[in-house]
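First up is the structure itself, then whatever we jot down about it.
There are 2 protein chains.
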Amino acid sequence: MTTIDDVARAAGVSVSTVSYALSGKRPISASTRERIERAVRDLDYRPHAGARALASARTNVLALMAPLRVDVNVGVIMQFVTGVVTRAQTYQHDVLLLTQEDHAGVERVAAGSMVDAVIMMDVEADDPRLAILRRQRQPAVLIGLPRDTAGFSCVDLDFEQAARVAVDHLVGLGHGSIALVGSPQAVLDRHTTYAARMVRGFSEEATRAGVAAVFEPCESSHAGAVAAIDRVLLRLPDVTGIVVHNEVALPAVLATLRERGRSVPDDISVVAVCPTDVAVGQPLPLTSVDIPASSIGGVAVDMAMARLNGTQLAETRLISPVLTPRATTGPVA
Amino acid sequence: MTTIDDVARAAGVSVSTVSYALSGKRPISASTRERIERAVRDLDYRPHAGARALASARTNVLALMAPLRVDVNVGVIMQFVTGVVTRAQTYQHDVLLLTQEDHAGVERVAAGSMVDAVIMMDVEADDPRLAILRRQRQPAVLIGLPRDTAGFSCVDLDFEQAARVAVDHLVGLGHGSIALVGSPQAVLDRHTTYAARMVRGFSEEATRAGVAAVFEPCESSHAGAVAAIDRVLLRLPDVTGIVVHNEVALPAVLATLRERGRSVPDDISVVAVCPTDVAVGQPLPLTSVDIPASSIGGVAVDMAMARLNGTQLAETRLISPVLTPRATTGPVA
DNA sequence: CTATGGTGTCGAAGCGCTTCGACGACCGAG
DNA sequence: CTCGGTCGTCGAAGCGCTTCGACACCATAG
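Okay, structure coming up:
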């Protein structure tokens, strides 16, 4: 292993000069900087991360706590993760991956000074992990919106607004009876707030618009989708517009509608709330409100960095939803 | 931050004694060990990862390079990642996540002593990353099988055998005309060897059994599935058995078969090569050869650890495939 | 009663880096 | 000229931990 000592010797300067040349924290003459850079290249010098962390109290690593269970919509999670990792790269940071269940892990990596900040996905209303997070000295940013955001940076799609946008789109097309096919009951029970915010936005906007509306949770499986659609059809037989907020069940929802003799978009319009790539990946490209998972992950990193630089206090950012009309919505018959 | 010094003072012993008590590398009397443990608990002491890494040349972190693009079968990747992270936990290791494209990342984390070993997924036949990996001092384990495995530990499902098992199952049921609907052409072109190994096993076993067989690559999309099935039907009109090795296209393949008037399993038997959970998650539970992604990830970690302990040399492990008959295969009509 | 060999503990020397204070050298202003 | 001020560089003091060698102690063997 080549060390900073080797570099210093090769360049004929002191260790501290090398350090300053590399960090740019003090002025160094062009000529010596050059000699140092040459030595670095020749010796293929790479600073030792541990030593650096010890001396500078900075690790250049971010912790990311992600739900790695398979039941949830794996695709969305992957996009969040990708967004985080990619954006972290631009800040010269690496990402340490923790599983959602590994509560001790947060403490381990934070208290053990392995990371500069932690990003936590899929936060629930009264998430038990928040208490742990609060007693760490590193800043934390949450993807999601807990009941008490004090001390945290939070970022998420504005799901309430997303629901409103979807409802308005349908109402604008003349639909007077609409339904929301949403997250599994388990997700609602877990008080993952995005599901609740979606439902709230949907109900309020439907009421405001004066249209008939029902909400049905939906298990993330074929059978779940069938059951949910049948419940909707039972409760609101003349439904002509459906908002689907469940990526996994999406294909099955569409298939079930077809099986029940409803043609999309002729008999029923469908608006999905999901990442764009799954919306356009279906047999029929779906009108959708995008969940920009990757960008949100990126924003989370931005916020973490801002906190680290002390340039910013904790704040909550709700990303505005965007609806893109595609082939699955049309004027009411 | 409480340091080992604080603990030593609180317990009335020297720093080194605390270190030995905690690591167990030298005998410590029960009474002092107890006092030390009390102090640790009282002060909520957590060793500083950087300091530890600096002094011991061990970081307790593994690098995992994963393909985070969305085009591939996200679910499988997620399972690999989960398997790695979960198994790493049992070895008290954390996981640093790198993206497939971040070639410089491997060098950065390895040369910078951020990790003890690196695990690399989705290895191609002549992967350019292998050269980088070879010049690091940390052991590397590959998930996949490059052309030249020298110096690496490798682990993967035995795809060649998987194909054989699938073919044998169909042949055993009397099918004399079979097809393999496989990975996208791009994957084959990229020389990701699992795809090629699958094709090889399929062809050889079909030849051996004396049955008619065709192979068709298949894009991971609805349209791709339709096209692939139509090509199969064209080339081999009396096909009665299909092996599908493409999780993403799977639902669309089934749908297309139905649309083309072929009932499964009455007219056509289908064997999927995919993780069990996607096989049973379909409307009709699929006969499948399991891709035990999570276990393979776990094995990768085991191998990395074995290398670190010096208890083992590099070796290649091919996991034996297991076929589970379900509802989509039956005797030929 | 002296050698022998565990046990249990300590001090000190690093591990490789950052950063603080100091110090010549050189400059322009008074 | 001389006095402050920048500029560029250096030495040294840590950062918090592991580990090596030393040593005191006590029990057992000879």
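Residue numbers (our numbering), protein chains in the order written: chain A, 1 to 333; chain B, 334 to 666.
Think of the CB as a built atom: it goes at the ideal place given N, C-alpha and C, for glycine as much as any other residue.
All values derive from a computational prediction rather than experimental measurement.
About 5 Å separates the CB atoms of B:GLY408 and A:VAL74; that is less than 8 Å, so the two are in contact. Its chain contains ALA166, LEU180 and VAL271 as the residues whose beta carbon lies nearer than 6 Å to that of A:VAL243, once the 5 sequence neighbours on both sides are disregarded; these appear in chain order. Here the C-alpha atom of B:ASP427 lies approximately 30 Å from the C-alpha atom of A:VAL248. When Cβ-Cβ separations below 9 Å define contact, B:GLN471 makes no contact with chain A. A:ARG46 reaches chain B at ALA444 and GLY445, counting residues in chain order whose Cβ is nearer than 7 Å. A:ARG164 counts as buried, since at least 16 other C-beta atoms from the protein chains shown sit within 10 angstroms of its C-beta.
Taking a beta-carbon distance threshold of 9 Å, B:ARG441 counts as an interface residue toward chain A. Contacts with chain B (Cβ-Cβ distance below 8 Å) from the stretch 227-248 of chain A involve no residue at all. Those residues of the stretch 284-296 of chain A placed with their C-beta closer than 7 Å to a C-beta in chain B do not exist. Look at B:THR620 here: in three-state DSSP terms it is strand. With respect to chain A, the C-beta atom of B:LEU590 has no partner C-beta closer than 9 Å. In the structure shown, the three-state DSSP call for A:ILE28 is coil. Of all C-beta pairs linking the stretch 340-354 of chain B to the stretch 317-329 of chain A, fewer than three are shorter than 8 Å, placing the two stretches out of contact. When Cβ-Cβ separations below 9 Å define contact, A:MET121 makes no contact with chain B. Note on the stretch 350-422 of chain B: whole alpha helix (DSSP H) runs with a minimum of 4 residues are 363-376 and 382-389, in chain order. Between the stretch 281-292 of chain A and the stretch 113-129 of chain A, the count of Cβ pairs shorter than 8 Å is below three; the stretches do not touch. Look at B:SER554: its C-beta is under 9 Å from a C-beta on chain A.
Beta-bridge annotation (DSSP): A:PHE215 is paired with A:LEU180.
Contact annotation: A:ASP127 and A:PRO146 have beta-carbon atoms nearer than 9 Å. The beta-carbon of B:ASP449 is placed no less than 9 Å from the nearest beta-carbon of chain A. Under the DSSP assignment, A:ALA272 falls in the beta strand (DSSP E) whose first and last residues are 269-274. By alpha-carbon distance to A:SER320, the top candidate from A:ASP238, A:PRO292 and A:VAL109 is A:PRO292. When CB distances to chain A are screened at a threshold of 8 Å, the residues of the stretch 425-439 of chain B falling below it are ASP427, VAL428, LEU429, LEU430, LEU431, THR432, ASP435 and GLY438, in chain order.
For the pair A:THR240 and A:ILE178, the CB atoms are nearer than the 9 Å cut-off. Residue pairing by DSSP places B:ILE337 opposite no residue, since no beta bridge is assigned to it. The beta-carbon of B:PRO584 is placed less than 9 Å from the nearest beta-carbon of chain A.
Considering only B:LEU431, B:ALA637, B:ARG593 and B:THR419, the residue with the shortest C-alpha distance to A:VAL84 is B:LEU431.
A:VAL155 and A:LEU96 have their C-alpha atoms some 20 Å from each other. When secondary structure is reduced to three states using DSSP, B:ASP489 falls in the strand class. Between B:THR365 and the set B:ARG385, B:GLY383 and B:ALA343, the nearest pair of CA atoms involves B:ALA343. In the three-state reduction of the DSSP assignment, A:ARG200 falls in the helix class. Close partners of B:ALA384 in chain A (Cβ separation under 7 Å): LEU54. Contact note: B:MET531 does not reach chain A at a C-beta cutoff of 9 Å; the least C-beta distance is about 23 Å. Its Cα nearest to that of A:ASN246, the residue A:HIS222 stands out among A:PRO139, A:LEU68, A:ASP267 and A:HIS222.
It is roughly 21 Å from the alpha-carbon of B:SER389 to the alpha-carbon of B:VAL373. In the same chain as B:ALA473, and ignoring 5 residues on each side of it, the C-beta atoms closer than 6 Å to its own belong to VAL451, LEU466 and PHE485, in chain order.
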